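J.: Just passing along the structure, written as structure tokens.
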Amino acid sequence: MNFERLEKLVLITSLFCCSAFPFAIAAAQDQDADDAAAGQASAFGDDEAEMDRITVQAPMSRLPASLDTFPGSVTRIDSAEIEAGQALQNDAGSLLTLLVPGMGEAARGSASNFEQTIRGRKAAVLIDGVPISTPLRDGRHDVRSLSLSALDSVEVIRGASALYGNGGVGGVINYVTRQPREQGLRWTTRVGTEVSLTEPGDSLAPFVQQSVAGRQDNLDFVGDAFFQRTNSLFDADGDRIRPSPQGQGGVADSDIVSLFGKVGRSFGPQRLEASALYFRKEQDSDFNRIVLGDPAAGIKTRVERGELPAGASEPSDENLVLQASWSHEDVLGSALRLQGFYQSLENVFDYFPAFFPGGGQSAIDSTKYGARLDITTALDFSAGPSGELLWGLDLLSDETAQPLVDGRIWAPGIEQDSAAVFAQARLELTDRLGVSGGIRHEQIDVSFPSFQALFSGDQVDAGETDYDTTTVNAGLSFRLADPLVAFAGYSEGFSVAEVGAILRQAGEETDFGLAQLEASKVRNREIGLRWHGDDFHASIAAFETRSSLGTTITSDLRVARQKEETWGIEVTAEGRLSERLRVSGSVSWIDGDRDADGDGSLDRPLPSNVIPPVKVVGVLDYDLSAVWAARLQARYSGSRDPFDQVLAFGESPIDAYTLVDASVSANLAQLGRLTLGINNLFNKDYFPLASQLFDCCADRFSAGPGRSARIAWTMEY
């Protein structure tokens, strides 16, 4: 997209920093001299930080303050986990794969999260509550549309949820951006590089991050800038991997820019806050000649030096999020928060010479703006139960199109306006028993202009429709013993039909009736046990989800509006075995069926781009000394082959693989912190899940990256 937006964002961020700078300088004079020596003692942090995992303090969250008795499954990734993840790579998709049970495998080096579902369903992705997914034409680049350097935490609701509106049929991923935590001024500088250890030449990926955070009395601000130049990725044999490994976009041979700024001012019970986030990744590769592989024979796709095809441009991703909010702790006895936001996203995909008539390259352009009103009212009955009620209003306008770069229209500009009201209550009936319930009603209007269909050449008339959807949820929790809680919940989520995917296959006789454009509602049932002791946390949850209108993509890229059902089990555990040693892990098993022939019965397993294989994760953190700390993590992605014969995309056999990573960090006091991470420690030669899904395509069967290192030096001052 144009650089005018970048200039505006730099100006906004500069204004934030400049406005707070005099206050921050004054605060810096009082800063404790020992702060510069403070560092992370272990990848998991201390006991106090660990226990904070079940407490959500982010102002951009709609989750309750305590998750201890929440009647569902939620993962909260805190700042210590994000820091540990950055020791290995700056990739949100890989971090979520490791730490979120039930979430599908991410392909390292890809820009896409095409294969990453949660419990077999797509998730809604938000930044500080601002929706950034593009459900009208889902490009699946939303999970990786920001840098980890801008994040304070990540909240993931596992299972259908309408808490934030459209798209949460599999769950919700809410990225919560950084907040200043200390009085005074703190600067952080991080420099480093990544390098392949199987072919170091032409693989350096140097990066630099500069951030500043300040707090003085009632004023605070954060600024963060991250820049990285990546070169090529290489597999376990030292062979160069295609820059776009599965033809869905990639990070190799690209420049990455991430800018973030936030400023806030509190006065009495009120607070004003505004933030801006800009992320851009643009590829510029000299390796564009694809050497076809042979998936049936296990021969990988390779790439050689070559120019882009005539008429093609470099693939890129760009994301801009602006938001401002006002909150008041006491308005007629309730806490109130009002947020307005603007978000734009552009994804430019690879050039395909044979797929489009005469060759072509598509792009998704999406613009959203809207407002959220959250009101929290305490429920306190004399000599009775107590709790709280969260209620409010959401307004959203979304316009999304998928043209070709040369100006032809694949999917026209689709406009969707929605308005929703919601209420969510939580009551503690006794010291042991808690109940919750909520309702959300959303009115949706969708329209699109007349256009000429790209493939059929037919003229398609303009269309519009409106519909509404109501979702409910209910749950209870019961404390069986002091650390042991049983819970059961029912929740509904919904997602509008992917109208763009339907329109891009349109012809003159295509019927755009309500049945095709109707929102898909997913019903999630879940039961589980949760143990939160002083040194040990564990959970087990079993779930089942059902929907009468699915969103599975078929082999000809159409949306199959079929009945679907998924089910599974998730187990998590983490604990401190000694003062120095901490372990954690999870096991996720998911399965599901669909009504492939439309007769009303579930007669065929769901494909592997929907249902991920069994996933087993283990993480070990060990504090070697007061200076040195180490982490070892392993992830097993299982095999899957439930089909008698392959009839559609995603139905080919999936082979298992195990990846092991390791990192070590040294807290050098006044000299900063040094980290070294090794990805794919044992140089496993494997094909990631995404490549195995595309075993139908000889140009997308890319091997995964081999052993690589990431070294970084961080100084706080």
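In mature numbering (1 follows the signal peptide of the UniProt record, and there is no 0), the protein residues as written are -26 to -1, 1 to 691. Don't be surprised by glycine CBs; every beta carbon is placed ideally from N, CA and C. Nothing here was measured: the structure is a model prediction, and the numbers come from that model.
1) Nearest to residue 206 by alpha carbon, out of 82, 316 and 584?
2) Which of the three DSSP states, helix, strand or coil, is assigned to residue 264?
3) Considering only DSSP beta bridges, list what residue 409 is partnered with.
4) With DSSP as the reference, label residue 62 as helix, strand or coil.
5) Tell me the DSSP secondary structure of residue 640 in three-state form.
6) Is the distance from the Cβ of residue 546 to the Cβ of residue 566 below 9 Å?
7) What does the Cβ neighbour count give for residue 304, buried or exposed, with the cut at 16 atoms within 10 Å?
8) Tell me which same chain residues have a C-beta within less than 6 Å of the C-beta of residue 615, skipping the five on either side of it?
9) Inspect the beta-carbon positions of residue 319 and residue 51 and report whether they are closer than 9 Å.
10) Give every residue of the same chain whose Cβ lies closer than 8 Å to the Cβ of residue 663, excluding the five residues on either side of it in the sequence, and list them in chain order.
11) Which word fits residue 301, buried or exposed, when buried means at least 16 other C-beta atoms lie within 10 angstroms of its C-beta?
12) CA-CA distance, residue 455 and residue 463?
13) For the beta strand (DSSP E) containing residue 476, name the first residue and the last one.
14) Apply the 10 Å Cβ neighbour rule to residue 680 and answer buried if 16 or more other Cβ atoms are within range, or exposed otherwise.
15) What residue range does the beta strand (DSSP E) around residue 613 cover?
16) Would you mind reading off the limits of the alpha helix (DSSP H) that contains residue 666?
17) Could you say which of 674, 683 and 665 lies nearest to residue 654 if we only look at CA atoms?
18) For residue 468, count neighbouring Cβ atoms within 10 angstroms of its own Cβ and tell me buried if that reaches 16, exposed if not.
19) Would you call the segment 91 to 111 and the segment 153 to 161 in contact, with 3 or more CB pairs under 8 Å?
20) Have a look at 212, 271 and 187 and flag the residue whose alpha-carbon is nearest the alpha-carbon of residue 237.
21) Report the option in 647, 74, 361 and 344 whose CA atom is closest to the CA atom of residue 372.
22) Three-state secondary structure (DSSP) at residue 269?
23) Once you ignore the five residues that flank residue 244 on each side, which residues in its own chain have a CB closer than 8 Å to its CB?
24) For residue 370 versus residue 392, is the C-beta distance shorter than 9 Å?
25) Under 7 Å Cβ to Cβ from residue -15, same chain only, skipping five residues before and after it: list those, please.
26) Closest to residue 354 by C-alpha separation, out of 338, 308 and 390, would be which residue?
27) Is residue 573 buried or exposed, if buried means 16 or more other CB atoms sit within 10 Å of its CB?
28) Using a Cβ-Cβ cut-off of 6 Å (strictly less than) and excluding sequence neighbours within five positions of residue 652, which residues of its own chain qualify?
29) Using three-state DSSP, classify residue 120 as helix, strand or coil.
30) Can you have a look at residue 510 and say buried or exposed, based on whether 16 or more other CB atoms are within 10 angstroms of its CB?
31) What residue from 381, 415 and 195 has the CA that sits closest to residue 397's CA?
32) Excluding the five sequence neighbours on either side, which residues of its own chain have a C-beta within less than 6 Å of the C-beta of residue 8, listed in chain order?
33) Once you ignore the five residues that flank residue 212 on each side, which residues in its own chain have a CB closer than 6 Å to its CB?
34) Leaving out five residues on either side along the sequence, give the residues of the same chain with a beta carbon under 7 Å from the beta carbon of residue 255.
35) What three-state label does DSSP hand residue 73 in the structure shown?
T.: Let's see:
1) 82
2) strand
3) 401 and 450
4) coil
5) strand
6) no
7) exposed
8) 627
9) no
10) 78, 79, 81, 89, 582, 586, 587, 611 and 628
11) buried
12) 20 Å
13) Not the beta strand (DSSP E): residue 476 falls in the alpha helix (DSSP H), residues 473 to 477.
14) buried
15) Looking at the DSSP string, residue 613 is not in any beta strand (DSSP E), and its letter there is neither H nor E.
16) 663 to 667
17) 683
18) buried
19) no
20) 187
21) 344
22) helix
23) 300, 301, 302 and 303
24) yes
25) Here residue -15 scores only 36 on pLDDT, less than 50, and its place in the model should not be relied on; the value that follows carries that caveat. These residues qualify, in order along the chain: 235 and 250.
26) 308
27) exposed
28) 636 and 683
29) coil
30) exposed
31) 415
32) In this prediction, residue 8 scores a pLDDT of 39, lower than 50, which makes its location untrustworthy; no coordinate-derived value is stated.
33) 172 and 173
34) 85, 225, 228, 230, 290 and 291
35) helix
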